[in-house]
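In what follows, a structure is listed as structure tokens, so that the remarks can point back to it.
In full-length UniProt numbering, the protein residues as written are 1 to 160.
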């Protein structure tokens with residue numbers, strides 16, 4: 001059994017994306033919405049610091065840094081990213097590229113994935129009829145072509 005550790009959440013549960021934006025706003029950063037998580041430099045720096053601390057954290061039981069821990073299979077950048085400010089997925093893609101590079105600069109041993117639901121944006125306009133979630137601001141196909149992303153997941157909710 002191996003762990004996929006999610007580094008953040010799109011939703012307010014456990015703080016998530018809204019908490020980062022709130023911290024930045026309280027520190028004086030100009031923010032308008034939770035979508036600023038992907039573009040605001042202060043918010044992105046907070047996320048990078050969080051990643052740095054998690055990956056370099058020493059397990060108090062084993063004495064092994066998380067970035068060297070074989071029980072961790074992969075890092076997930078964020079659970080179910082969404083960006084209503086940009087339906088194309090370009091904003092999320094730019095963020096994934098930047099953060100994936102950051103994670104890999106600290107830990108090149110573990111696999112890395114995004115944590116997407118599987119919606120694709122404008123890259124396949126002829127398929128929008130089969131993809132009712134295209135307006136959530138992600139593009140599953142182009143995001144998972146980013147070089148630092150090692151594998152993909154889809155969050156399916158068949159009973160929903």
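C-beta: ideal position from N, C-alpha, C; glycine also. Since this is a predicted model, take the numbers as computed values, not measurements.
| task | Starting from residue 6, follow its DSSP beta bridges and name the residues at the other end. | result | In the chain shown, the residue the question calls residue 6 occupies position 6. Its beta-bridge partners are 76.
| field | Whole-angstrom distance between residue 155 and residue 103, CA atom to CA atom | value | For this step, residue 103 is matched to residue 103 along the chain shown. For this step, residue 155 is matched to residue 155 along the chain shown. Taking the straight line from one Cα to the other gives about 22 Å.
| request: Identify which residue in 56, 92, 63 and 21 has its Cα closest to the Cα of residue 115. | output: Residue 115 sits at position 115 when you count from the first residue of the chain shown. Of the candidates 56, 92, 63 and 21, the one whose C-alpha sits nearest the C-alpha of residue 115 is 92.
| said: For a minimum of 4 consecutive residues, which ranges assigned as the alpha helix (DSSP H) are wholly contained in the region 55-137? | reply: 90-106
| message | Among the candidates 42, 117, 52 and 64, whose CA atom is the shortest distance from the CA of residue 83? | response | The sequence position of residue 83 within the chain shown is 83, counting from 1. Nearest C-alpha to residue 83: 117.
| said: So for residue 50, helix, strand or coil by DSSP? | reply: Position 50 of the chain shown, counted from the first residue, corresponds to residue 50. Residue state, collapsed to three classes: helix.
| message | Since residue 149 and residue 98 should fall inside the 8 Å C-beta cutoff, what is the C-beta to C-beta distance between them, to a whole number of angstroms? | response | Numbered from 1 along the chain shown, position 149 holds the residue referred to as residue 149. Numbered from 1 along the chain shown, position 98 holds the residue referred to as residue 98. That belief does not hold up - the Cβ atoms of residue 149 and residue 98 are roughly 13 Å apart, past 8 Å.
| query | Who are the Cβ neighbours of residue 123 in its own chain at under 7 Å, not counting the five residues just before and after it? | reply | As a first step, residue 123 is located in the chain shown; it is residue number 123 there, counting from the start. So the list reads 139, 141 and 142, once near-sequence residues are dropped.
| message | If distances are taken between C-alpha atoms only, which option among 8, 120 and 29 comes closest to residue 75? | response | What you label residue 75 is simply residue 75 of the chain shown in a count that begins at 1. Selected option, being the one with the closest Cα: 8.
| Ends of the alpha helix (DSSP H) at residue 22? | As a first step, residue 22 must be located in the chain shown, where it is residue number 22. Its alpha helix (DSSP H) spans residues 16-26.
| field | Inter-residue Cα distance where the pair is residue 157 and residue 53 | value | If you number the chain shown from 1, residue 157 lands on position 157. If you number the chain shown from 1, residue 53 lands on position 53. Spanning the two alpha carbons is a distance of roughly 32 Å.
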